Amino acid sequence: MCAVTDRYGSDVLSGDWRAPKRGRSQDVPAERDVVVEEVETGFVGAVVRVEKAGGMHVVHLEDRRGKVRAFPLGPGFLIDGRPVNLTPPRPADAAALAAARAATTRTASGSVAVADQRAKVALGSRIFVEGRHDAELVEKVWGHDLRVEGVVVEMLDGVDDLSAVIKDFAPGPGRRIGILVDHLVPGTKEQRIVDAARALPQSRDHVLILGHPYVDVWQSVRPQKLGWTKWPVIPRGTSWKHGILAELGWPHRTQADVAQGWKRILGTVDNYADLQPELLGRVEELIDFVTAPSS
Numbered sequence: 131m132c133a134v135t136d137r138y139g140s141d142v143l144s145g146d147w148r149a150p151k152r153g154r155s156q157d158v159p160a161e162r163d164v165v166v167e168e169v170e171t172g173f174v175g176a177v178v179r180v181e182k183a184g185g186m187h188v189v190h191l192e193d194r195r196g197k198v199r200a201f202p203l204g205p206g207f208l209i210d211g212r213p214v215n216l217t218p219p220r221p222a223d224a225a226a227l228a229a230a231r232a233a234t235t236r237t238a239s240g241s242v243a244v245a246d247q248r249a250k251v252a253l254g255s256r257i258f259v260e261g262r263h264d265a266e267l268v269e270k271v272w273g274h275d276l277r278v279e280g281v282v283v284e285m286l287d288g289v290d291d292l293s294a295v296i297k298d299f300a301p302g303p304g305r306r307i308g309i310l311v312d313h314l315v316p317g318t319k320e321q322r323i324v325d326a327a328r329a330l331p332q333s334r335d336h337v338l339i340l341g342h343p344y345v346d347v348w349q350s351v352r353p354q355k356l357g358w359t360k361w362p363v364i365p366r367g368t369s370w371k372h373g374i375l376a377e378l379g380w381p382h383r384t385q386a387d388v389a390q391g392w393k394r395i396l397g398t399v400d401n402y403a404d405l406q407p408e409l410l411g412r413v414e415e416l417i418d419f420v421t422a423p424s425s
C-alpha cells in the first residue's frame, strides 16, 4: 500500500491565520528608558516622559543624540521588531518617571535644569556679545542658566568702540564684564581693538574679553547640521553671509533673506552638542567669570 502525501500539509485555516507577520501588537507600559521605534517615521528612542496634552496622552522619546520627539501614546511602535501598543505607565511607574525626569532634565547647555525656581534679580555684572545673532544663539543654548544666575546679555553692535563701552560701564567689584568677540585671531583688526581694551586700567581685574576664531557666529554651528563636512570658504569681495546662503541654495539677495537664513540655521541647534567647542568653552568661561562669588 503506497503512502499518500498531503501536498497541502495541515489545515491552513487552523490557528491564528489572520495574524500579521510580526505578530499581534502587545500592550506595553511606557516606562522610562523603554526603547521603541515609531513605525511611520522610523524614529528610535527611549521613553523619557508621558504627559497628557489636548485630552490625549503623549509619549516623549529621546534618541542616542539627545533629540526628543513626541508621539501619541498607543499603537504604531516596535520593540525589537515586534509591534507594541504603548499604554500609560502604572501609577507607581508614573511617579518614578516623574521623579527621574525632575532629577535628570538637562538644559540645552547640558547643565541640570533647575525646576520651579524664579529667575534671580539681574546681577550688576553683564555679558556683552557683538550682535543680535550672537545674543540669540547664547539665549537658545544658555538662556535657562543665565536666568537662574541673574545674568543679562547685551549687544554691542560691533566692537569698534569696545574701550568706550568698558569706560562707560565702569566695572568694579560686583560689576564685572564678560565680552565675547567674533573672529578674534592674531593680526586682525579685532585683535588690535581687544588688546587696547585689555590695557585699560578698568579692565585689570573686572573685565574678561574672550573670542572665537570664526568669521561670524554662524560658523560656530557644526557644519554637519547643514549637511556639510566643513563650512565653505567665501571668496574675498563677497559678503560672507550672502555667500553662505548662496552655497546653501537659500534666498540671499536682501537683508530680510539674511535674517530668514539665520533663523533656519539657528533652528538646527537643539543644544550645546550642535556647537563648535571653540565657542562653547568661551561662553562657559564668561559665565563663570561674571557669576564668581568675588565678582
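Numbering-wise, the sequence shown is residues 131 to 425 according to my numbering. Idealized CB from N, CA, C, for every residue including glycine. This one's a predicted model, so the numbers in the text were calculated from it and none came from an experiment.
Among P423, L416 and G317, which residue has its Cα nearest to the Cα of V259? On the sequence shown, residue 259 is found 129 positions in, with the first residue counted as 1. The shortest Cα separation from V259 among P423, L416 and G317 belongs to L416.
Strictly by DSSP, which residues pair up with F207? On the sequence shown, residue 207 is found 77 positions in, with the first residue counted as 1. BP columns for F207 point to E168 and V214.
So, using beta-carbon positions, are K383 and I307 closer together than 9 Å? Here residue 383 is taken as the residue at index 253 of the sequence shown, counted from 1. Here residue 307 is taken as the residue at index 177 of the sequence shown, counted from 1. Residue identity check: residue 383 is Arg in the sequence provided, not Lys. For R383 and I307, no; Cβs fall outside 9 Å.
Quick check: the Cα distance between W361 and D325, rounded to an integer number of angstroms? Here residue 361 is taken as the residue at index 231 of the sequence shown, counted from 1. Here residue 325 is taken as the residue at index 195 of the sequence shown, counted from 1. Distance between the alpha carbons of W361 and D325 is about 28 Å.
Whole angstroms are fine: how far does the CA of D157 sit from the CA of P365? The residue given as residue 365 occupies position 235 in the sequence shown. The residue given as residue 157 occupies position 27 in the sequence shown. Linking P365 to D157 through their CA atoms gives a straight-line distance of about 59 Å.
Rounded separation between K197 and R162 - CA only: Taking the first residue of the sequence shown as 1, we reach residue 197 at position 67. Taking the first residue of the sequence shown as 1, we reach residue 162 at position 32. Straight-line Cα distance between these residues: approximately 16 Å.
Measure the Cβ-Cβ separation of V189 and V174 and say whether it is below 9 Å. Translated into positions along the sequence shown, residue 189 becomes position 59. Translated into positions along the sequence shown, residue 174 becomes position 44. For V189 and V174, no; Cβs fall outside 9 Å.
By DSSP's criteria, I309 is part of a beta bridge. Which residues make up the other side? In the sequence shown, the residue the question calls residue 309 occupies position 179. I309 is bridged to F258 and I339.
Extent of the continuous alpha helix (DSSP H) run through H187: The residue labelled residue 187 in the question sits at position 57 within the sequence shown. H187 -> not in any alpha helix (DSSP H); beta strand (DSSP E) instead, spanning M186 to E192.
Would you kindly report the start and end of the unbroken beta strand (DSSP E) that includes E161? Position 31 of the sequence shown, counted from the start, is the residue given in the question as residue 161. First-last for E161: undefined, no H or E at that position.
With distances taken between CB atoms, is the gap from A300 to M285 smaller than 9 Å? Reading the sequence shown from its first residue, position 170 is the one you call residue 300. Reading the sequence shown from its first residue, position 155 is the one you call residue 285. For A300 and M285, no; Cβs fall outside 9 Å.
Relative to the alpha-carbon of G411, which residue among V282, L310 and T318 has its alpha-carbon at the smallest distance? The residue given as residue 411 occupies position 281 in the sequence shown. Selected option, being the one with the closest Cα: L310.
Would you mind reading off the limits of the alpha helix (DSSP H) that contains A386? On the sequence shown, position 256 is the one that residue 386 refers to. Start and end: Q385 to L396.
Following the continuous alpha helix (DSSP H) through F419, name the residue where it begins and the one where it ends. By one-based count along the sequence shown, residue 419 stands at place 289. Per DSSP, F419 is one residue of the alpha helix (DSSP H) stretching across P407 to T421.
Inter-residue CB distance, W348 and W392 (contact presumed, cutoff 8 Å): Your numbering for residue 348 matches position 218 in the sequence shown. Your numbering for residue 392 matches position 262 in the sequence shown. Between W392 and W348 the Cβ distance is about 7 Å, and since that is below 8 Å, they are a contact.
Are S350 and Q406 close, meaning C-beta to C-beta below 9 Å? Residue mapping note: residue 350 aligns to position 220 of the sequence shown, counting from 1. Residue mapping note: residue 406 aligns to position 276 of the sequence shown, counting from 1. Cβ distance < 9 Å, so S350 and Q406 count as in contact.
Q321 and I296: beta carbons closer than 9 Å? The count along the sequence shown starts at 1 and reaches residue 321 at position 191. The count along the sequence shown starts at 1 and reaches residue 296 at position 166. When the beta-carbon positions are compared, Q321 and I296 stay at least 9 Å from each other.
Under 9 Å between C-beta atoms of L375 and A327: Locating residue 375 in the sequence shown gives position 245, where the first residue counts as 1. Locating residue 327 in the sequence shown gives position 197, where the first residue counts as 1. The answer is no: Cβ separation not under 9 Å.
Taking 9 Å as the threshold (C-beta atoms), are G254 and R305 in contact? For the purposes of this step, residue 305 is identified with residue 175 of the sequence shown, where counting begins at 1. For the purposes of this step, residue 254 is identified with residue 124 of the sequence shown, where counting begins at 1. Judged by their CB atoms, R305 and G254 are nearer to each other than the 9 Å cut-off.
Between E192 and the rest of its own chain, which residues show a CB-CB distance below 7 Å, the 5 nearest in sequence each way excluded? Taking the first residue of the sequence shown as 1, we reach residue 192 at position 62. Excluding positions up to five away in sequence, the list reads G175, A176, V178 and V198.
Quick check on DSSP: helix, strand or coil for R352? The residue labelled residue 352 in the question sits at position 222 within the sequence shown. R352 falls in the coil class under three-state DSSP.
Following the continuous alpha helix (DSSP H) through V295, name the residue where it begins and the one where it ends. Reading the sequence shown from its first residue, position 165 is the one you call residue 295. Here the alpha helix (DSSP H) through V295 covers L292 to F299.
Please tell me whether K371 and D404 are closer than 9 Å, where the distance is taken between their beta carbons. Locating residue 371 in the sequence shown gives position 241, where the first residue counts as 1. Locating residue 404 in the sequence shown gives position 274, where the first residue counts as 1. In this structure, D404 does not lie closer than 9 Å to K371 by Cβ.
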